[in-house]
Every structure is written in C-alpha cells, then in structure tokens.
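Just add 100 to wherever you are in the sequence shown, counting from 1, and you've got this note's numbering.
No residue lacks a Cβ here, since even glycine has one placed at the ideal position from N, Cα and C.
Please read all numbers here as calculations on a predicted model, not as lab measurements.
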Amino acid sequence: MTASKRIVLSSDHAAIALRQTVADHISAQGWEVVDIGPKTPESTHYPVHGKAAAQAVASGDCHLGIVLCGTGQGIMMAANKVPGIRCGVCSDAFSARMIRAHNNANMLSIGARVVGEGQALDIVDAFLEAEFEGGRHATRVDMIEAQGD
Ligand code: RB5
C-alpha cells in the first residue's frame, strides 16, 4: 500500500449512509480509507467536516479526499478555504473525470440528496480513475494557486 492510495472521507449528517457506501466501495478497490466521521446521525455542521478532511489532504497525510453533504455544495466551499485544496462538487461522471484531468482536483464533493447511490459510485470511480493531464492545464492550475486564499 503506497501513500498515494490513502483517501480521507467525511460528511455531515445528511450523507452518513452514502459516505459508508463510498467507503466500502473504494476500500474494495484497495484504497486505504481514512473515515473521519461523523459516525452518529445527529445534526452537525458541514464546515467543520469539510475543513478537517481538507486539512488531511493539504498536510499530505492523504493523497485525495471525498466529502459529502446534502447538496455537496457547503462542504465543498468549506474544503476550498484550506490552502492547496481544489475541491469540485460533481453530479455526473464526466465532470468528476474532468476535475482531475484538467483542474487537478484533490478533493471531490457529492450531494447525497442530489444523486442516487449508483450515480455516486460512478462519480467516485471516474474521479479516482482519471489522471491530471498537465501541460496547459498545469499553467491554469498554477494560476489558481497563485491567487492565494
Ligand atoms: C444540511 O441540512 C444541509 O444544509 C447540508 O447537508 C448541505 O446541503 C449544505 O450545503
């Protein structure tokens, strides 16, 4: 198991079941899943969980991250506040592939109230199987990073 196979997962209360489904799915593919919760279904605050997952990626502890909330939007916004994080919310596999290939996204966000389980797993697979193409896209990603936070 290499460090590049380590992935952090987190969510708010709206996506606990889908997070577990995603965890099982990618564990079966050989990923080392670092599931940082929450584990209980009480209402919670997505900024806390988005930030914690993003810090695990930004620190280098995890190569990639997947976060989930009701729409995927709030937890994505929280993750993107952490320097070095490029997190996109996706409801389709094409977008999930392209945020890796063109934007070098290191985190994916999914809305558990937006997509069904099968669609969510297709999105996850597309994200994990894609690779950054570099070249002109690296120039543009560097421009994003140069903007700071
Ligand atoms: C929680 O009700 C909901 O607001 C949250 O899961 C998410 O959709 C926010 O962006």
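Just the C-alpha distance for residue i and residue j, rounded to the nearest angstrom, thanks.
i: Gly-188; j: Met-176; result: 7 Å
i: Gly-137; j: His-149; result: 8 Å
i: Lys-181; j: Asp-135; result: 20 Å
i: His-125; j: Leu-228; result: 12 Å
i: Gly-235; j: Gln-247; result: 19 Å
i: Ala-128; j: Val-122; result: 10 Å
i: Glu-231; j: Gly-174; result: 26 Å
i: Arg-240; j: Ala-205; result: 12 Å
i: Gln-120; j: Gly-160; result: 23 Å
i: Pro-147; j: Glu-233; result: 30 Å
i: Thr-140; j: Gly-170; result: 16 Å
i: His-202; j: Gly-172; result: 20 Å
Closer than 6 Å by C-beta to residue i: which residues in its own chain qualify, once you throw out the five before and the five after it? Chain order, please.
i: Gly-165; result: Val-108, Ala-153, Val-157 and Met-207
i: Gly-184; result: Ala-158
i: Ala-103; result: Bear in mind that a pLDDT of 45 at Ala-103, under 50, signals an unreliable position, so the number given afterwards is only what the model happens to contain. Result list for Ala-103: empty, nothing under 6 Å.
i: Met-101; result: Note that Met-101 has pLDDT 40, beneath the 50 cutoff, so the model's placement of it is unreliable and no number is given.
Please go through the same chain and pick out, in chain order, the residues whose beta-carbon is closer than 8 Å to the beta-carbon of residue i, but skip the five residues on each side of it.
i: Leu-118; result: Ser-111, Leu-168, Ile-210, Ala-212, Glu-217 and Ala-220
i: Glu-142; result: His-113
Going by beta carbon distance, what residues of the same chain come within less than 7 Å of residue i, once the five residues before and after it are set aside?
i: Ala-226; result: Ala-193, Ala-196 and Arg-197
i: Cys-162; result: Arg-106, Ile-107, Val-108, Val-134 and Ala-156
With respect to the beta strand (DSSP E) encompassing residue i, which residues constitute its N-terminal and C-terminal limits?
i: Ser-110; result: 106-111
i: Ile-166; result: 164-169
i: Trp-135; result: Before going further, note that residue 135 is Asp rather than Trp in the sequence given. 132-135 is the extent of the beta strand (DSSP E) around Asp-135.
Is the separation between the beta-carbon of residue i and that of residue j shorter than 8 Å?
i: Ser-191; j: Val-214; result: yes
i: Ile-244; j: Arg-186; result: yes
i: Ala-178; j: Lys-151; result: yes
What first and last residue would you give for the alpha helix (DSSP H) that runs through residue i?
i: Ile-185; result: Run containing Ile-185: none; DSSP gives neither H nor E here.
i: Ser-209; result: Unbroken run through Ser-209 is the beta strand (DSSP E), 207-211; no alpha helix (DSSP H).
i: Val-215; result: Unbroken run through Val-215: none, as it is neither H nor E.
i: Pro-141; result: Counting along the chain, Pro-141 falls outside any alpha helix (DSSP H), and DSSP gives it neither H nor E.
i: Gly-174; result: 173-179
i: Asp-124; result: 116-127
Any residue whose CB is nearer than 5 Å to a heavy atom belonging to ligand 1, listed in chain order
By the rule of a C-beta closer than 5 Å to any heavy atom of ligand 1, the residues picked out are Asp-112, Ala-114, Cys-169, Gly-170, Thr-171, Gln-173 and Gly-174.
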